[in-house]
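Asks:
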Amino acid sequence: MFLKRDFGGRRFDSDDDAKNGVQQWLSSMAACFFEEGIDKLVFRYDKCLNNG
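Using my numbering, the first residue of the sequence shown is number 109, and each one after it goes up by one.
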């Protein structure tokens, strides 16, 4: 996920245009992308809880 790369320097005419652009961008991501991120969070939380 490269929000800065995909939106860097881009200007929107309104807040609604920005919201729509981000929503379309998120919709284009594959479900496995989000699943991998959640799996990483579980590992990190587990690591923090067990080490400290």
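Glycine included, every Cβ here is placed at the ideal spot set by N, Cα and C.
In this text the structure is predicted, and so the values were computed from the model without any measurement.
In whole angstroms, what separates the C-alpha of Phe-120 from that of Ser-135?
Replies: 19 Å
Asks: How close, in whole Å, do the beta carbons of Asp-154 and Trp-133 come, if the pair is a contact with beta carbons under 8 Å?
Replies: At roughly 30 Å, the Cβ-Cβ gap does not stay under 8 Å, so Asp-154 and Trp-133 are not in contact.
Asks: Which two residues bound the contiguous alpha helix (DSSP H) that contains Arg-113?
Replies: Arg-113 -> alpha helix (DSSP H) spans 111 to 115.
Asks: Helix, strand or coil: which one does DSSP assign to Arg-118?
Replies: In the structure shown, the three-state DSSP call for Arg-118 is coil.
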